[in-house]
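Each residue of the sequence shown is one higher than the one before, counting from 1 in UniProt numbering.
Using N, Cα and C, we set each Cβ at its ideal position, and we do this for glycine too.
Everything on this sheet refers to the single structure shown next.
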Amino acid sequence: GEEMKKFLFDRYARSKGTIHGSGFGLTLVKAIIESFNGYISVKDRDAKDQTKGSIIIIDLPKLISDDSS
Numbered sequence: 001g002e003e004m005k006k007f008l009f010d011r012y013a014r015s016k017g018t019i020h021g022s023g024f025g026l027t028l029v030k031a032i033i034e035s036f037n038g039y040i041s042v043k044d045r046d047a048k049d050q051t052k053g054s055i056i057i058i059d060l061p062k063l064i065s066d067d068s069s
């Protein structure tokens with residue numbers, strides 16, 4: 001929920017439950033995205049949406065190539 005979102009991208013962050021892992025996944029994803037001057041955020045689903053989970057938004061800048069070569 002809201003409490004987990006505060007720590008979601010922190011190293012070693014893991015949800016409680018049966019999911020196993022080191023807690024590096026989203027920390028690494030965030031670092032890679034930020035190295036490309038992008039950002040990642042998490043949004044709750046609409047209250048009317050009955051599916052579980054969250055929406056992950058990744059925004060990366062457009063690549064402008066130099067075709068002069």
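Helix, strand or coil at residue i [DSSP, three-state]
i	result
Ser41	strand
Host alpha helix (DSSP H) of residue i (start-end)
i	result
Ile32	25-35
Best match in the options for proximity to residue i [C-alpha to C-alpha]
i	options	result
Lys30	Lys52, Lys48, Leu60	Leu60
Phe36	Leu8, Leu63, Asp49	Leu63
Ser41	Ser54, Ser65, Gln50, Asp49	Ser54
Extent of the continuous beta strand (DSSP E) to which residue i belongs
i	result
Asp59	54-59
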